[in-house]
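Sequence positions in the sequence shown follow this note's numbering and run 232 to 337.
Since the structure comes first, as structure tokens, the remarks are kept for the end.
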Amino acid sequence: MFTLVSDFSKARAAVARIPGLLHLGSTRTLSGNGPSTGTIVSSRVEDDVEAKIESMVQSPKSNVNKGVGVQFQNVDFDYPARPDMRVLNGMDFEITPAGWTDRLMD
Numbered sequence: 232m233f234t235l236v237s238d239f240s241k242a243r244a245a246v247a248r249i250p251g252l253l254h255l256g257s258t259r260t261l262s263g264n265g266p267s268t269g270t271i272v273s274s275r276v277e278d279d280v281e282a283k284i285e286s287m288v289q290s291p292k293s294n295v296n297k298g299v300g301v302q303f304q305n306v307d308f309d310y311p312a313r314p315d316m317r318v319l320n321g322m323d324f325e326i327t328p329a330g331w332t333d334r335l336m337d
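Given below as structure tokens:
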């Protein structure tokens with residue numbers, strides 16, 4: 232399980248870069264004298280996209296007390312193949328930024 236931490240961190244960083252890439256718009260061009268894959272060149276020299284994105288990415292420890300939660304109440308569930316066999320019956324649970332709790336109800 233701990234081997235996935237590195238992959239998770241890379242995925243999180245990649246997802247955090249998406250808004251910055253979308254914000255680039257059509258004013259940026261690919262340089263012809265960079266690596267063969269091309270690099271993004273800004274029309275303004277002071278525009279360091281990578282630095283901005285890295286500053287937006289927070290470490291997991293820094294956002295422990297931030298975020299929103301979701302609460303489900305009276306959840307019923309059965310599989311379509313077996314509608315007569317209810318799996319969840321009136322279950323309440325809450326997902327918070329710090330974890331999740333559940334309360335089983337009849």
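Positions of the beta carbon are idealized from the N, C-alpha and C atoms, including for glycine.
Note that the structure is a prediction, hence the values are computed from the model and not measured.
(Q) For the ligand NAP, is there any heavy atom lying closer than 7 Å to the beta carbon of S240? (A) In the structure shown, the ligand NAP is absent, as is every other ligand, since no ligand is present at all.
Q) Thinking C-alpha only, which one of A312, G298, I326, M316 is nearest Q304? A) I326
Q. Are the beta-carbon atoms of P328 and G298 separated by less than 8 Å?
A. yes
Q) Is any beta-carbon of chain D found at less than 8 Å from that of P328? A) No chain D appears in this structure, which consists of one protein chain only.
Q. For R317, which residues does DSSP report across the bridge?
A. D309
Q. Would you report the Cα separation of D323 and A312, rounded to the nearest angstrom?
A. 24 Å
Q.
When you compare the CB positions of V301 and L319, do they come within less than 8 Å of one another, or not?
A. no
Q | Cβ neighbours of D309 in the same chain (closer than 7 Å, five flanking residues each side left out) | A | M316, R317, V318
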